[in-house]
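**Q** Before I ask anything, let me first share the structure, which is written out below as structure tokens.
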Amino acid sequence: MIWRWLAGFGRFWYEFIIGDDWTIAATVAAALTATWTLHLAGHDAWWLLPLAVVIEVGLSLRSD
Amino acid sequence: MRQAARAAENQCGDIAVSDPSVFVTTFLASAVEVIEMVIIIVGVGSVRGWRSTWLGAGAGLAVLAVLVLVFGTALQAVPIDTLRLVIGSLLLVFGLQWLRKGIRRVAAHGLRGMGDWSASAEGIPAHGVDWTAFTLAFKGVLLEGLEVAFIVVSFGLTAQALGSAVAGAAAAFAVIGVAGVATRNVVQRIPRSALQLLVGTLLSSFGTFWAVEGLGVAWPGDEIAILALTGWYALAAAGYTALLRRRAHPLIAQTTQG
Numbered sequence: 004m005i006w007r008w009l010a011g012f013g014r015f016w017y018e019f020i021i022g023d024d025w026t027i028a029a030t031v032a033a034a035l036t037a038t039w040t041l042h043l044a045g046h047d048a049w050w051l052l053p054l055a056v057v058i059e060v061g062l063s064l065r066s067d
Numbered sequence: 033m034r035q036a037a038r039a040a041e042n043q044c045g046d047i048a049v050s051d052p053s054v055f056v057t058t059f060l061a062s063a064v065e066v067i068e069m070v071i072i073i074v075g076v077g078s079v080r081g082w083r084s085t086w087l088g089a090g091a092g093l094a095v096l097a098v099l100v101l102v103f104g105t106a107l108q109a110v111p112i113d114t115l116r117l118v119i120g121s122l123l124l125v126f127g128l129q130w131l132r133k134g135i136r137r138v139a140a141h142g143l144r145g146m147g148d149w150s151a152s153a154e155g156i157p158a159h160g161v162d163w164t165a166f167t168l169a170f171k172g173v174l175l176e177g178l179e180v181a182f183i184v185v186s187f188g189l190t191a192q193a194l195g196s197a198v199a200g201a202a203a204a205f206a207v208i209g210v211a212g213v214a215t216r217n218v219v220q221r222i223p224r225s226a227l228q229l230l231v232g233t234l235l236s237s238f239g240t241f242w243a244v245e246g247l248g249v250a251w252p253g254d255e256i257a258i259l260a261l262t263g264w265y266a267l268a269a270a271g272y273t274a275l276l277r278r279r280a281h282p283l284i285a286q287t288t289q290g
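Read top to bottom, the protein sequences are chains P and F. Under the working numbering, the first residue of the first sequence is numbered 4, with each subsequent residue one higher. Under the working numbering, the first residue of the second sequence is numbered 33, with each subsequent residue one higher.
Shown next, in the form of structure tokens:
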């Protein structure tokens with residue numbers, strides 16, 4: 004019973020975060036890491052995530 | 033608005049602020065956050081169904097109430113930046129999935145609708161709780177509710193008018209909440225494929241804003257940046273939709289003839 008609940012819980016979060024294209028979540032994670040790194044180095048980095056996300060959505064749509 | 037709250041915190045130590053001004057300031061600052069909350073609830077409810085969305089929103093309010101009761105005016109000890117980063121990232125990755133699906137569907141079927149849409153095809157359960165709607169509404173309400181609580185504590189304590197600050201925030205909840213319920217029927221008339229694209233755009237915008245803010249990076253224009261992000265993602269969605277339609281055009285023409 005607990006195992007089934009845990010499996011369902013894991014499946015829900017997998018679908019929520021990864022969905023049908025893992026590259027989107029990976030791009031968001033990479034872009035956030037890069038944003039943080041630039042921020043720590045003293046650079047303005049707010050533009051990086053929206054730019055990376057739009058490029059990634061285009062690549063994801065192209066690969067469908 | 034948050035910068036204004038911080039500035040008030042820094043500057044108002046020994047400046048007396050009258051109660052009406054605290055009420056109005058808190059009302060306006062809270063209204064911005066409540067609008068974001070209501071947009072998420074109305075958007076998710078319209079796409080995924082209302083029961084689980086209300087359940088998620090109610091659970092978010094309950095957790096928020098517990099946090100406010102437990103922490104009281106020490107609420108600022110809650111690691112809000114970490115919450116912004118985690119919740120923002122999750123909303124962003126989920127919003128991008130809807131944005132992507134919305135672009136594909138609008139490119140294939142136009143803005144009027146998808147014809148063969150069904151709840152089961154969308155993964156929305158016929159019975160029980162739709163955890164996707166629950167989670168999105170829960171996160172939106174919890175994060176925005178916490179932002180409102182911070183505003184109340186910041187303005188209320190620094191101006192020594194906590195009652196006026198609480199009343200201002202409560203008024204914002206009442207006014208924006210009623211307006212949100214009133215727009216529900218209008219939003220539900222938007223065709224599903226267009227609505228999914230719209231809500232995907234909004235979730236991606238809020239998610240981007242919160243995630244980057246959670247890293248400690250300041251947005252130019254503070255909360256105005258959400259509007260710019262929405263415009264940016266809407267523009268990208270329009271561009272990609274046009275590209276997909278152009279790519280699929282010979283296929284659509286064949287289908288129409290067949």
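Just so you know, even glycine gets a beta-carbon here, dropped at the ideal spot from N, CA and C. Values in this document were obtained by computation on a predicted structure and should not be read as measured data.
If we cut at 8 Å on Cβ distances, does F/Trp163 have a partner in chain P?
**A** F/Trp163 counts as touching chain P.
**Q** Along the region 34–55 of chain P, what residues have a CB closer than 7 Å to any CB found in chain F?
**A** Listed in sequence order: Leu35, Thr38, Trp39, His42, Ala48, Trp49, Leu52, Pro53.
**Q** In the region 233–256 of chain F, which residues sit with their C-beta less than 8 Å from some C-beta in chain P, listed in chain order?
**A** The residues in question are Ser236, Thr240, Ala243, Val244, Leu247, Gly248, Val249, Ala250, Trp251, Pro252.
**Q** How long is the line joining the alpha carbons of F/Thr85 and F/Gly212, rounded to whole angstroms?
**A** Cα to Cα, F/Thr85 sits roughly 14 Å from F/Gly212.
**Q** Quick one: residues in its chain with C-beta nearer than 6 Å to the C-beta of P/Val56, no 5 flanking neighbours on either side, listed in chain order?
**A** Correct list: empty, nothing qualifies.
**Q** For the alpha helix (DSSP H) containing F/Val98, list its first residue and its last residue.
**A** Looking at the DSSP string, the run of the alpha helix (DSSP H) that includes F/Val98 is 82–103.
**Q** For F/Gly147, which three-state DSSP category applies?
**A** Confidence at F/Gly147 is low in this model, with a pLDDT of 49, below 50, so the placement of that residue is unreliable and no value is reported for it.
**Q** Suppose you measure from the CA of P/Gly61 to the CA of F/Ala257; what does that come to, to the nearest Å?
**A** Going by the C-alpha atoms only, they are around 22 Å apart.
**Q** So, for F/Val91: in the same chain, excluding its five sequence neighbours on each side, which residues have a beta-carbon less than 6 Å away from its beta-carbon?
**A** Residue 91 of chain F is actually Ala in this sequence, not Val. Counting only Cβ-Cβ distances below 6 Å, and skipping sequence neighbours, we find Phe170.
**Q** For a cutoff of 8 Å on Cβ pairs, would you count P/Ile20 as touching chain F?
**A** Chain F, which has a Cβ nearer than 8 Å to the Cβ of P/Ile20, makes this yes.
**Q** Would P/Asp23 be called buried (16 or more neighbouring beta carbons within 10 Å of its own) or exposed?
**A** P/Asp23 is exposed by the Cβ-count criterion.
**Q** Where do the ends of the alpha helix (DSSP H) carrying F/Trp130 lie?
**A** From DSSP, the alpha helix (DSSP H) with F/Trp130 extends over 112–141.
**Q** Helix, strand or coil: how does DSSP classify P/Glu18 here?
**A** Three-state DSSP puts P/Glu18 in a helix.
**Q** On the three-state DSSP scale, how would you describe F/Gln108?
**A** Helix, per DSSP.
**Q** Residues of chain F with a CB under 8 Å from the CB of P/Leu62: which are they?
**A** Under the 8 Å cutoff, chain F gives no residues; its nearest Cβ is about 11 Å from P/Leu62.
**Q** Label F/Thr108 either buried or exposed according to how many other C-beta atoms from any shown protein chain fall within 10 Å of its C-beta, with 16 as the threshold for buried.
**A** The amino acid at residue 108 of chain F is misidentified as Thr; the sequence shows Gln. With fewer than 16 Cβ atoms within 10 Å of its Cβ, F/Gln108 is classed as exposed.
**Q** Do you know offhand how far P/Ala37's Cα is from F/Asp51's?
**A** If you take the alpha carbons of P/Ala37 and F/Asp51, they lie about 44 Å apart.
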